[in-house]
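S.K.: Each residue of the sequence shown is one higher than the one before, starting from 1 at the first, in UniProt numbering.
C-beta: ideal position from N, C-alpha, C; glycine also.
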Amino acid sequence: MKKKSKFGNQVRKDWYRNKMLYLMAVPVVLWYLLFCYKPMYGALIAFQDYRPAKGIWGSEWVGMKHFIRFFDSYYFVRLMRNTLLLSFYSLLFGFPAPILLALLLNEVKNGKFKRIIQTVTYLPHFISLVVIVGLIKDFCLTDGLLNDIIAAFGGERIPLLQQPSLYRPIYILSGIWQEVGWGSIIYLAALSGIDAQLYEAAAIDGAGKLRQAISITIPGLMPTIIMMLILRFGSLMGMGYEKTILLYNEATYETADIISSYVYRSGLLEQNWSYSTAIGLMNSVVNCILLITANAVSRKMTKSSLW
């Protein structure tokens with residue numbers, strides 16, 4: 001009884017001390033419960049031939065039928081290849097970009113110039129994705145900016161977004177342009193936490209900027225880099241459909257069509273609700289496995305992990 005009363009007193013004290021923080025957290029918790037956890041109930045239709053008139057419990061249960069149908073379909077290999085390649089290239093080129101920008105900004109001593117660069121690089125993140133894709137399409141027109149540059153160097157004008165081989169570079173580079181500034185914020189915050197005395201001691205010992213970066217800056221950033229890398233692995237198969245459906249076209253399906261865009265077409269346009277839910281559920285399970293695996297590998301190799 002004493003243990004229980006002691007625990008209860010601790011809870012009451014914590015509530016009175018932090019009640020405003022708890023109240024501020026209520027809308028966030030409700031949002032997650034209503035829009036993230038409650039819809040999980042609908043994942044049941046992946047194992048049914050769902051009919052809206054019959055509802056979830058009234059529809060016929062078919063087990064793994066829709067999963068098997070997807071694995072046997074013509075689109076399976078293409079979708080997996082495109083999703084993995086776009087995710088891999090985004091990780092390979094997009095993940096280091098904000099780290100490099102943060103390292104460069106950290107070396108800028110002119111405060112005004114640094115603020116201008118930060119504003120310019122942050123700005124694309126706050127522009128609507130529809131506007132961003134509209135700009136990309138305008139740049140890629142036959143008489144657009146990119147073709148003007150190509151023509152200036154003696155190249156031939158072509159509709160860039162009609163070329164399947166060019167879709168991935170355009171997708172990856174535009175993604176870096178949009179998110180590199182915003183992504184650098186967390187690394188700049190981590191850099192500000194590195195003790196300045198370490199740099200002073202290294203300078204006294206004769207270490208140059210490169211040696212300081214290798215011996216002090218990179219190790220200081222490593223915990224943050226590992227955390228962000230684990231989170232990126234957890235969304236490796238989760239390429240968003242919004243940019244894809246705005247940017248791709250029938251001419252580029254071969255290299256542009258990914259799992260999430262196929263789920264969108266199957267579920268909302270063709271109304272194959274059970275089939276698209278099965279694909280989305282499979283994709284989420286794979287992402288979860290990748291996240292757990294990346295966390296376990298990181299914990300074993302670097303002693304740093306999310307949990």
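Roughly how many angstroms lie between the CA atoms of W273 and I218, to the nearest whole one?
M.R.: Going by the C-alpha atoms only, they are around 47 Å apart.
S.K.: DSSP three-state label for W61, please.
M.R.: Note: W61 maps to strand in three-state DSSP.
S.K.: For the alpha helix (DSSP H) containing C140, list its first residue and its last residue.
M.R.: Looking at the DSSP string, C140 is not in any alpha helix (DSSP H), and its letter there is neither H nor E.
S.K.: With H, G and I counted as helix, E and B as strand and the rest as coil, what does DSSP make of Q118?
M.R.: DSSP places Q118 in helix when its eight states are reduced to three.
S.K.: Tell me, please, which residues DSSP counts as bridged to Q48.
M.R.: Its beta-bridge partners are W61.
S.K.: So, at 6 Å on beta carbons, what are the nonlocal neighbours of G155 in its own chain, with the 5 sequence-adjacent residues on each side left out?
M.R.: Closer than 6 Å at the Cβ level, and outside the excluded window around G155, lies no residue.
S.K.: Under the assumption that C226 contacts S284 (Cβ atoms under 8 Å), give the Cβ distance between them as a whole number of angstroms.
M.R.: According to the sequence displayed, residue 226 carries Ile and not Cys. Contact flag wrong, Cβ pair sits at about 23 Å.
S.K.: Starting from L247, follow the alpha helix (DSSP H) in both directions and report where the run begins and ends.
M.R.: Looking at the DSSP string, the run of the alpha helix (DSSP H) that includes L247 is Y241 to L247.
S.K.: Please determine if the stretch 246-254 and the stretch 161-171 are in contact, where contact requires at least 3 C-beta pairs separated by less than 8 Å.
M.R.: Touching, yes.
S.K.: By a C-beta neighbour count over all protein chains shown, 10 Å radius and 16 as the cutoff for buried, is G175 buried or exposed?
M.R.: Result: buried.
S.K.: I'd like the ranges of any alpha helix (DSSP H) spanning at least 4 consecutive residues and lying wholly in the stretch 180-204.
M.R.: The qualifying runs are 196-204.
S.K.: Specify the secondary structure class of S266 as computed by DSSP and reduced to three states.
M.R.: In this structure, S266 counts as helix in the three-state DSSP scheme.
S.K.: Considering only the beta carbon of each residue, do G94 and I172 sit closer than 8 Å?
M.R.: Contact: yes.
S.K.: Assuming T224 contacts V180 (C-beta within less than 8 Å), just tell me the rounded distance between them.
M.R.: Going by Cβ atoms, the distance from T224 to V180 rounds to 16 Å, so no, they are not a contact pair.
S.K.: Which word fits V263, buried or exposed, when buried means at least 16 other C-beta atoms lie within 10 angstroms of its C-beta?
M.R.: Buried, since its Cβ has 16 or more Cβ neighbours within 10 Å.
S.K.: Spell out a yes or no on whether the stretch 134-154 and the stretch 63-71 are touching, meaning 3 or more CB-CB pairs, one atom from each, closer than 8 Å.
M.R.: Contact fails: fewer than three Cβ-Cβ distances are below 8 Å.
S.K.: Got a sec? Which residues, its chain only, sit under 8 Å from C140 by beta carbon, not counting five neighbours each side?
M.R.: Once the five neighbours on either side are set aside, the close Cβ partners of C140 are L146, N147, P159, L160, L161 and I170.
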